[in-house]
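Residue numbers (my numbering): 117 to 510.
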């Protein structure tokens, strides 16, 4: 990759060695921490962003918040600071490839490997959401994967590029300059519209990643950005089964729910999405459970207390009661004399978070929704409904 003016120079205590990647918000370098002697990934933000005082303050604040999240699938942040009027983030250096490159090399990917990676990313996102952060640019290029022992093994996934996430202090997906943030192949409809954005935008993007890995393409491949954004807004989610044979039909339902236009109709946590995807890979089995035998308490012979000194209390189980009742008591119900019912454990509600002003790799004009509404929709396609599959006899 081409070098630039910072390669070979020092920034704070970091000696910059090479360019690792470039994005709309800055450049990521491989650097050496001179104080600790370790290799780091050093993200240097562009001068335009660094010149904005409000952005600088929020950048430092939110980067420190992210650094406080200790999660095995989030690339750790060592430092977020400013030197010579340059904003930078020092992170752990992960030598593994981006998921984007793995998709290029392997697509369509093995379903079990895909779900294993998606589950790790989901866990990382849920941790960030619980801390009040929305990533807003979840995509394969922001997932690093350390290889597993075999090609089918999922490997170890790291979610990165949190330096530009949004905190919970704003209601819309627009930046101060009236632009939205995201990558066209993975962006949620509410981000395009500049509507209220919360953690469910990340759930939508994770669904796009799942589809991308299993099909080899994004859900709405189009020739232009405008056409892609229009599809995210208006077109129904595609079915995986129509693009790749042999996948469990249940994955279609997972994609449809993850890519719902309304955030309320999606999975409400990334973990729920990953669990549904995992379950779809396991054939459902119907377990035959015989109906419980019913015993009529009235038909039971009266039980007379026997005066036994210091007798311990006796618990009569349904099985014992059946023996006492005899054959005539079949198909009756015996209510236990005493029963302790534990209250159900309430699930911990996922924190609902609303993002703040931020900037990201791809920015489009704020009136993009209006622009899209003026674009002619693609010609209607006549769909024929496939015959319903025969009912299971299991």
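For each residue, glycine too, the CB sits at the ideal point set by N, CA and C.
Proximity below 8 angstroms, CB of residue 524 to CB of residue 323: This structure leaves residue 524 out entirely; the chain is present only between 117 and 510.
Starting from residue 239, trace the alpha helix (DSSP H) in both directions and tell me its first and last residue. Boundaries of the alpha helix (DSSP H) around residue 239: 227-246.
Quick one: measure Cβ to Cβ for residue 386 and residue 238, integer angstroms, because I've assumed they're closer than 8 angstroms. Yes, they are in contact, since the Cβ atoms of residue 386 and residue 238 sit about 4 angstroms apart, within 8 angstroms.
Count the other CB atoms, across all protein chains shown, that sit within 10 Å of the CB of residue 152; report buried if there are 16 or more and exposed otherwise. By the neighbour-count rule (16 or more Cβ atoms within 10 Å), residue 152 is not buried but exposed.
When you compare only the Cα positions, how much space is there between residue 141 and residue 373? So the two alpha carbons sit approximately 31 angstroms from each other.
When you compare the segment 316-332 with the segment 358-372, are there three or more beta-carbon pairs, one atom per stretch, that lie closer than 8 angstroms? By the Cβ rule, the segment 316-332 counts as touching the segment 358-372, because three or more pairs are nearer than 8 angstroms.
When DSSP builds the beta bridges, which residues end up paired with residue 203? Checking the DSSP bridge columns, you'll see residue 203 partnered with 198.
Could you give the distance in angstroms between the alpha-carbon of residue 171 and the alpha-carbon of residue 165? So the two alpha carbons sit approximately 7 angstroms from each other.
By the DSSP assignment, the alpha helix (DSSP H) with residue 221 in it spans what residues? Residue 221 -> alpha helix (DSSP H) spans 215-222.
At a cut-off of 7 angstroms, is residue 208 close to the ligand FMN when judged by its beta-carbon and the heavy atoms of the ligand? Although the ligand FMN was asked about, the structure shown includes no ligands whatsoever.
Please classify residue 184 as buried or exposed, where buried requires at least 16 other C-beta atoms within 10 Å of its C-beta. Exposed, by the Cβ-count rule.
Let me make sure I understand the geometry here. Which of 301, 341 and 316 has the alpha-carbon closest to that of residue 94? Given that the chain is displayed from residue 117 to residue 510, the structure contains no residue 94 and the question cannot be resolved.
Do the segment 199-208 and the segment 311-321 make contact, defined as three or more Cβ pairs closer than 8 angstroms? Too few Cβ pairs lie closer than 8 angstroms, so no.
Could you tell me the alpha carbon to alpha carbon distance between residue 146 and residue 214, rounded to whole angstroms? Going by the C-alpha atoms only, they are around 15 angstroms apart.
Coarse secondary structure for residue 348, derived from DSSP in three states: Here DSSP, grouped into helix, strand and coil, assigns residue 348 to helix.
Between residue 226 and residue 173, what straight-line distance do the alpha-carbon atoms span, to the nearest angstrom? Rounded to the nearest angstrom, the two C-alpha atoms are 43 angstroms apart.
Close Cβ partners of residue 305 (< 6 angstroms) along its chain, the five nearest in sequence each way excluded: The residues are 348, 349 and 377.
Can you tell me the Cα-Cα spacing of residue 250 and residue 162, whole angstroms? The C-alpha of residue 250 lies about 21 angstroms from the C-alpha of residue 162.
Applying the criterion that 16 or more other CB atoms from any shown protein chain within 10 Å of the CB defines a buried residue, is residue 308 buried or exposed? Answer is buried; the Cβ neighbour count reaches 16.
Supposed close pair residue 318, residue 241 - CB separation, criterion 8 angstroms: 5 angstroms between Cβ atoms; contact.
Candidates 229, 189 and 199: closest to residue 278 by CA position: A check of alpha carbon separations from residue 278 across 229, 189 and 199 identifies 189 as the nearest.
What do you get for residue 252, buried or exposed, if any count of 16 or more other CB atoms within 10 angstroms of its CB means buried? Of the other Cβ atoms in all chains shown, 16 or more fall within 10 Å of the Cβ of residue 252; this residue is therefore buried.
Cβ-based burial, residue 125 [other Cβ within 10 Å; buried from 16]: Exposed is the call here.
Could you give the first and the last residue of the continuous alpha helix (DSSP H) run that contains residue 327? First-last of the alpha helix (DSSP H) with residue 327: 316-331.
At the level of alpha carbons, what is the spacing between residue 244 and residue 390? Straight-line spacing of the CA atoms in residue 244 and residue 390 works out to 16 angstroms.
Short check: CB of residue 150 to CB of residue 130, under 8 angstroms? Yes, the Cβ-Cβ distance between residue 150 and residue 130 is below 8 angstroms.
Residue 299 (DSSP reduced to helix, strand or coil): If DSSP states are grouped into helix, strand and coil, residue 299 belongs with coil.
Is residue 334 helix, strand or coil when you go by DSSP? Coil.
Can you give the Cα-Cα distance for residue 159 and residue 121, rounded to whole angstroms? Rounded to whole angstroms, residue 159 to residue 121 spans 15 angstroms at the Cα level.
Would you kindly report the start and end of the unbroken beta strand (DSSP E) that includes residue 136? Counting along the chain, the beta strand (DSSP E) containing residue 136 begins and ends at 130-139.
Taking a contact to mean a Cβ-Cβ separation below 8 angstroms, would you say residue 199 touches residue 176 in this structure? Residue 176 is positioned such that its CB atom lies no closer than 8 angstroms to that of residue 199.
Is it right to say residue 236 is buried, meaning 16 or more other beta carbons lie within 10 angstroms of its own, or is it exposed? By the neighbour-count definition (other C-beta atoms within 10 Å, threshold 16), residue 236 is a buried residue.
What did DSSP end up calling residue 398 once you bin it into helix, strand or coil? Reduced to three states, the DSSP call for residue 398 is coil.
Name the residue from 375, 169 and 186 whose alpha carbon lies nearest to the alpha carbon of residue 355. Answer by Cα proximity: 375.
Reference residue 221, options 267, 187 and 255, closest by Cα: When the alpha-carbon of residue 221 is set against those of 267, 187 and 255, the nearest one is in 267.
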